[in-house]
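Chains as they are written, first to last, in our numbering: chain A, 1 to 237; chain B, 238 to 418; chain C, 419 to 996. No residue lacks a Cβ here, since even glycine has one placed at the ideal position from N, Cα and C.
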Amino acid sequence: MPRTLTINGQEISARSDQTILEAAQDANIRIPTLCHLDGLTDVGACRMCLVEVAGASKLLPACTTRVQEGMQVQTDTERLRAYRRQIIELLFAERNHICAVCVANGHCELQNAGIAVGMDHVRYDYLFPKLGVDLSHERFGMDHNRCILCTRCVRACDQLEGAHTIDVMGRGAHSLIVHDMNVPWGEATTCTSCGKCVMACPTGALFKQGSTVAEMVHDAEKLAFLKAARERKVWNV
Amino acid sequence: MGKLRFASVWMGGCSGCHMSFLDLDEWLFDLAEAVDVVYSPVADVKTFPEKVDVTLVEGAIANQDHLELIHVIRKNSRLVVSFGDCAVTGNVTAMRNLIGEAEIVLDRAYKDAQLLRPQVPHDDGIVPPLIERVVPVHAVIPVDLYIPGCPPPAKRIRAVLQAVIEGKSPEMIGREMLKFG
Amino acid sequence: MNLEELNATAASERLAQAKKRHHIRVCVGTACQALNSEQLAKELQAELRRRGQNGDVEVKCVGCPGLCSLGPLVEIESQVNGQAAIAGTEGGQRKSILYQFVKPEDAGEIVAHLGGEPIKRLETPLDQPFFTRQTKIVLEHCGKIDPERIEDYIAVGGYQALMKVLTEMTPQQVIDAITRSGLRGRGGAGFPTGLKWGTVAKADPNAYPTSVPVGIQSRKFVICNGDEGDPGAFMDRSVMEGDPHRILEGMAIAAYAVGANHGFIYVRAEYPLAVKRLRTAIRQAQRAGLLGNNIGGTAFSFNVDIRLGAGAFVCGEETALMASIEGGRGVPRPRPPFPAECGLWGCPTLINNVETLANVPPIIMKGADWFASIGTEKSKGTKVFALTGQVAHTGLIEVPMGITLREIVFDIGGGIPGGRQFKAVQTGGPSGGCIPAQFLDMPVDYESLAKVGSIMGSGGMIVMDDSTDMVEVARFFMEFCMDESCGKCIPCRAGTVQMHRILTKIQEGKATRRDIQILEELCDLVKHTSLCGLGQSAPNPVISTLRYFRDEYEKKLAADETNGKTPQPSAQVANPSA
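1) In this structure, what does DSSP give as the bridge partners for Trp183(B)?
2) Using a Cβ cut-off of 8 Å (strictly closer), state whether Glu78(A) contacts chain C.
3) Considering only residues of the same chain and omitting the five flanking positions on each side of Gln702(C), which have a CB-CB separation below 7 Å?
4) Would the segment 744 to 752 of chain C and the segment 890 to 910 of chain C be scored as touching if the rule is three or more Cβ pairs under 8 Å?
5) Counting C-beta neighbours from all protein chains within 10 Å, is the total for Gly210(A) 16 or more, i.e. buried, or is it exposed?
6) Compute the minimum distance between the beta carbon of Leu433(C) and the heavy atoms of the ligand HEM, and state whether it is under 7 Å.
7) What does Val120(A) touch in chain B if you count any residue whose Cβ is under 7 Å from its own?
8) For Thr326(B), which residues in chain A fall below 8 Å Cβ to Cβ?
9) Using a Cβ cut-off of 8 Å (strictly closer), state whether Ile936(C) contacts chain A.
10) Taking all protein chains shown into account, do 16 or more other C-beta atoms lie within 10 angstroms of the C-beta of Asp863(C), making it buried, or fewer, making it exposed?
11) Val317(B) and Val294(B): beta carbons closer than 8 Å?
12) Below 8 Å on the Cβ atoms is my guess for Val480(C) versus Gly660(C); work out the distance and round it to an integer in Å.
13) Once you ignore the five residues that flank Pro757(C) on each side, which residues in its own chain have a CB closer than 6 Å to its CB?
14) Spell out a yes or no on whether the segment 58 to 74 of chain A and the segment 14 to 21 of chain A are touching, meaning 3 or more CB-CB pairs, one atom from each, closer than 8 Å.
15) When the distance is taken between beta carbons, is Val282(B) closer than 8 Å to Arg242(B)?
16) Spatial neighbours of Pro957(C) within its chain, please: CB distance less than 6 Å, with the 5 preceding and 5 following residues excluded, ordered by chain position.
17) How do the segment 635 to 652 of chain C and the segment 589 to 602 of chain C stand: do at least 3 beta-carbon pairs fall below 8 Å, yes or no?
18) Let me make sure I understand the geometry here. Which of Ala271(B), Ala244(B), Cys251(B) and Leu261(B) has the alpha-carbon closest to that of Ile402(B)?
19) Spell out the partners DSSP gives Ala429(C) in its beta bridges.
20) Counting beta carbon pairs with one atom in the segment 603 to 619 of chain C and one in the segment 803 to 816 of chain C, are three or more of them shorter than 8 Å?
21) Would you call the CB atoms of Ile298(B) and Val380(B) closer than 8 Å?
22) Between the alpha carbons of Leu580(C) and Ala670(C), how many angstroms are there, rounded?
23) Would Pro861(C) pass as a contact of Gly820(C) if the rule is Cβ separation under 8 Å?
24) Would Val265(A) count as contacting chain C if we go by Cβ distances under 8 Å?
25) Determine whether the Cβ of Met896(C) lies closer than 8 Å to any Cβ atom of chain A.
26) Out of Tyr971(C), Gly576(C), Val520(C) and Glu456(C), which has the shortest C-alpha to C-alpha gap to Asn420(C)?
27) Hey, would you say Cys560(C) sits closer than 8 Å to Pro483(C), going by beta carbons?
28) Run through chain A and tell me which residues come within less than 7 Å of His375(B), C-beta to C-beta.
29) Which residues in chain F sit within 8 Å of Ile87(A), going by Cβ to Cβ distance?
30) Given that a residue counts as buried once 16 or more other Cβ atoms are within 10 Å of its Cβ, and exposed if not, what is Val364(B)?
31) To the nearest angstrom, report how far apart Pro389(B) and Ala855(C) are at their CA atoms.
32) On the criterion of 16 or more Cβ atoms from any shown chain inside 10 Å, does Pro235(A) qualify as buried, or is it exposed?
33) What does the alpha-carbon distance come out to for the pair Val101(A) and Cys387(B)?
34) Does any C-beta atom of chain B lie closer than 8 Å to the C-beta of Cys102(A)?
35) Is it buried or exposed for Arg655(C), if we count other Cβ within 10 angstroms and need 16 for buried?
36) What's the call for Asn624(C), buried or exposed, on a 16-neighbour Cβ count within 10 Å?
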């Protein structure tokens, strides 16, 4: 059933099973995201896509909130812009994101988000946590310094590859992406080396070995293609 | 309108930002028309002067000399500009923080990695002691403008300086002006 | 067991108890047990056997009577003039005395004084305000009955409400009764319980994809949330330890009302005694036919399982709790959809707090109007609080909604010890706020507490005197939230770390006005953008202390402010190496 709603005053129609994010994308309205990836289920974790919905007491994540008839959505208010910048600054302060020496420099969703929110510096103290780099896999590497814990790799591995090699351990600031029961990636027996996690990664945390600064280009769109092609059984798009 | 008193300093960084500054090529002549360079790595001035209009600070705060100088800079400058990623974020200079505090870093560099006569160089008053952790400039003093980039592209530096010369705030918006790295 | 059998069991148990001349009740709640009260009970029994008195004196191990600071507590109820004395029931003339700080070696003296003059050394008055100012509904049996004997619970009217519901009421009538009673969730947020029940009852189990494990027939679930984790809170623990059947009965009634056949009690593993007693209670209830298939000979079936929390505070949040029961990582997910529509394994699920469910049987038995007559207009009934901190009597109290903070702290709690002044009371644990002295005469209900920047919460109440450093209080709770953040959403995971850092900086005297500004901005961010209640309420202790005790923050700021601008000296720059 179609639903009519307004986003930033613009009247749009959407299917009742669509989220605010999907409806906005269809209408070419950009809502910033980090943990969302077309082709994976949404978890509403990064809070970048929070929007204001008239009548709702709380801000709602566009990626997990379904459209409703007559919904009035604001995606780009001053308040939301301020929150988004704070969130991005928190991420940059949390781990060791050093664009200058990163494989994903120039192709990084976190870096792009920083530009989009107008971040010229980070107000918070940099925490400089001591984190490792896992190069035990023969083809790929994982640099925890650059991980933003969006869990896109976890979901890609589970939902698209069906391996569920990757998950999160620990909690809070001590959360860490792990392979199998926290073994080096190269020793994870369930890993099929398919590389979908690397495609899904928004930053330089997951990379192909041998990539140097600015060389790592992720192919996140391939995952959405894969999902859609499997569902529709159409591969020659 | 008189000429602006312009300074640039080189703290805990690689001088790449200054190299990029020199990439402004012939616009440097225009700049020279508008400002007096009163202190800079490219000028032979020993003490940081008073009544400076704008100071570009390249590099992070990494040792005792930086720490002392940055307070003088703040006191004597109308505008302090964090110039490049090291000044804005700590960047590569701050990567030593991942190893630990000053002593651990010095041991790693001068003892653990040396086979012949490992020793930490020190000479009071000559070799400035490292501070425990490298921090960006704004962690120590208030900063008025930030120019990200490693190094900031010459166009970006020019856009900021042009605005400052004209007495405006530079528009720090978009990839051209804000991309780190 | 059907209604007649239930009544027969109750009658025979009452008769057996009436034959005893003295009832000695020893608290074996966690606090008293830690002070060797189980050994005390054994010594008392041994002493009675030695004196050949074990026939007419009953020693009963009971749950928490409340006044934990005076424990171990022993209550002795004796017949007067040979009349029958039945625990927890009216009728018969009885005389009670209460002994405090009782040790196992006091057993002989206690037995020797049975029926005679009380031991002055141990006696503490039962008519002190701590007891007389309370109104006990949830805790009415705690400290009176043996939590490990179902007969004891049945003797005081236990499972009558369940029988009444199953034989006389439709599910809708049950929901109507709960709705009319005005009962609201006791877990913290105060959501109207009847409304929640009604939503689950109406919810379509096929609305969302489900994945119920093989072997579980139910397509709706009832969950009792016993993952009590607030520092200083032990209300739910005491109910689970002291009156476990009450919770099972409440759950069964809820299950009948919403159409569920399976329930889970989620208890934190740090409550081993509660787990043990709940397990015993479930076994006894199953054996008695009060849980399981065809309860009381009706068509209604309901099974209960226990799930242990593995130590994560966030698992008290309902969606994280369900993820944990499902065997997944205990992290919350965005709502909507709410558990009432899409909960455990995708099925409609009712989640209620321990105390909420414990309120259900009396509402059914005594009526919604009776319950609604207690409390204030919007907050009905009573609330159990764990009264702790710098107050004379610490322990567990149950008071009618609308009582003032002053009555709680100064009458029931006995005021501030050591000649110090009252400064603030912290309610709601790490999600709550600090309420200063100016609001002492404010009624305690959901709305009033929210108005002054705190919350009812699950019932932790920490009293602070004038020696308390309020910034340290805020820092303590922020550290708690930082450690307990699950790490899923960025504002809570990274924001709590930065807030804690700034609070630490303030305590070290290295912060500036600019830091307070950043702190306030972070409070706003984390409160409004975090995924779940943990993050959304994590800034509350900071916000409320900034609101009422801002001067304490300002006094600690670094002195120098140069240039008309605020400098930002960083803790990291201190101590340059030589």
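Well, looking at it:
1) One cannot answer for residue 183(B) here, as it falls past the ends of chain B, which runs 238 to 418.
2) If you number the first sequence from 1, residue 78(A) lands on position 78. For Glu78(A), not one C-beta of chain C is nearer than 8 Å to its own C-beta.
3) Within the third sequence, residue 702(C) is the residue found at index 284, counting from 1. Result list for Gln702(C): Ile568, in chain order.
4) Touching, per the Cβ criterion.
5) Position 210 of the first sequence holds residue 210(A). With fewer than 16 other Cβ atoms within 10 Å, it is exposed.
6) You won't find the ligand HEM in this model; it holds no ligand whatsoever.
7) By 1-based counting over the first sequence, the position of residue 120(A) is 120. The question names Val, but residue 120(A) is Asp in the sequence shown. The answer, in chain order, is Tyr383, Pro385, Met409 and Leu415.
8) Along the second sequence, read from residue 1 onward, the residue named residue 326(B) stands at position 89. Near Thr326(B) (Cβ distances below 8 Å), the residues of chain A are Phe92, Ile98, His121, Val122 and Tyr126.
9) Walking along the third sequence from the start, residue 936(C) turns up at place 518. Contact of Ile936(C) with chain A is assigned, a C-beta pair being separated by under 8 Å.
10) As a working mapping, residue 863(C) is identified with position 445 in the third sequence. Taking every protein chain shown into account, the CB of Asp863(C) has 16 or more other CB atoms within 10 angstroms, so this residue is buried.
11) For this step, residue 317(B) is matched to residue 80 along the second sequence. For this step, residue 294(B) is matched to residue 57 along the second sequence. Yes. Within cutoff.
12) Position 62 of the third sequence, counting from 1, holds the residue named residue 480(C). Position 242 of the third sequence, counting from 1, holds the residue named residue 660(C). Their Cβ separation, rounded to whole angstroms, is 7 Å, which keeps Val480(C) and Gly660(C) in contact under 8 Å.
13) Position 339 of the third sequence, counted from the first residue, corresponds to residue 757(C). Same-chain partners within the cutoff: Glu736, Thr767 and Ile769.
14) With a cut-off of 8 Å, the segment 14 to 21 of chain A and the segment 58 to 74 of chain A count as touching, because enough Cβ pairs lie within range.
15) To locate residue 242(B), count along the second sequence from 1; it is residue 5. To locate residue 282(B), count along the second sequence from 1; it is residue 45. A distance of 8 Å or more separates the beta carbons of Arg242(B) and Val282(B).
16) Against the third sequence, residue 957(C) aligns to sequence position 539. Its chain contains Cys941, Val944 and Lys945 as the residues whose beta carbon lies nearer than 6 Å to that of Pro957(C), once the 5 sequence neighbours on both sides are disregarded; these appear in chain order.
17) No: the two stretches stay apart, fewer than three of their Cβ pairs being nearer than 8 Å.
18) Walking along the second sequence from the start, residue 402(B) turns up at place 165. When only C-alpha atoms are compared, the closest one is Ala271(B).
19) Taking the first residue of the third sequence as 1, we reach residue 429(C) at position 11. Answer by DSSP bridge pairing: none, since Ala429(C) is not bridged.
20) By the Cβ rule, the segment 803 to 816 of chain C does not count as touching the segment 603 to 619 of chain C, because fewer than three pairs are nearer than 8 Å.
21) Here residue 298(B) refers to the residue found at position 61 when the second sequence is read from its first residue. Here residue 380(B) refers to the residue found at position 143 when the second sequence is read from its first residue. The answer is no: Cβ separation not under 8 Å.
22) Translated into the one-based positions of the third sequence, residue 580(C) becomes position 162. Translated into the one-based positions of the third sequence, residue 670(C) becomes position 252. About 7 Å.
23) Locating residue 861(C) in the third sequence gives position 443, counting from the first residue. Locating residue 820(C) in the third sequence gives position 402, counting from the first residue. Contact: yes.
24) Since the first residue of chain A shown is 1 and the last is 237, residue 265(A) is not available in this structure.
25) Within the third sequence, numbered from 1, the residue matching residue 896(C) stands at position 478. Not an interface residue.
26) Taking the third sequence and counting its residues from 1, the one referred to as residue 420(C) is at position 2. If we check each option's Cα against that of Asn420(C), Gly576(C) comes out closest.
27) Sequence index remark: in the third sequence, residue 560(C) carries index 142 (1-based). Sequence index remark: in the third sequence, residue 483(C) carries index 65 (1-based). Yes, the Cβ-Cβ distance between Cys560(C) and Pro483(C) is below 8 Å.
28) On the second sequence, residue 375(B) is found 138 positions in, with the first residue counted as 1. The answer, in chain order, is His121.
29) This model lacks chain F altogether, as its protein chains are A, B and C.
30) Counting from one through the second sequence, the residue named residue 364(B) turns up at place 127. Exposed: under 16 other Cβ atoms inside 10 Å.
31) For the purposes of this step, residue 389(B) is taken as residue 152 along the second sequence, with counting starting at 1. For the purposes of this step, residue 855(C) is taken as residue 437 along the third sequence, with counting starting at 1. Rounded to the nearest angstrom, the two C-alpha atoms are 56 Å apart.
32) In the first sequence, counting from the first residue as 1, residue 235(A) sits at position 235. The residue you asked about is not Pro; residue 235(A) is Trp in the sequence shown. Counting the other Cβ atoms within 10 Å of the Cβ of Trp235(A) gives fewer than 16, which makes it exposed.
33) Taking the first sequence and counting its residues from 1, one reaches residue 101(A) at position 101. Taking the second sequence and counting its residues from 1, one reaches residue 387(B) at position 150. Looking at the two C-alpha atoms, the distance is approximately 9 Å.
34) Within the first sequence, the letter at position 102 stands for residue 102(A). Taking Cβ atoms only, chain B reaches closer than 8 Å to Cys102(A), which makes this a yes.
35) Locating residue 655(C) in the third sequence gives position 237, counting from the first residue. Label assigned to Arg655(C): buried.
36) By one-based count along the third sequence, residue 624(C) stands at place 206. Its Cβ having fewer than 16 others within 10 Å, Asn624(C) is exposed.
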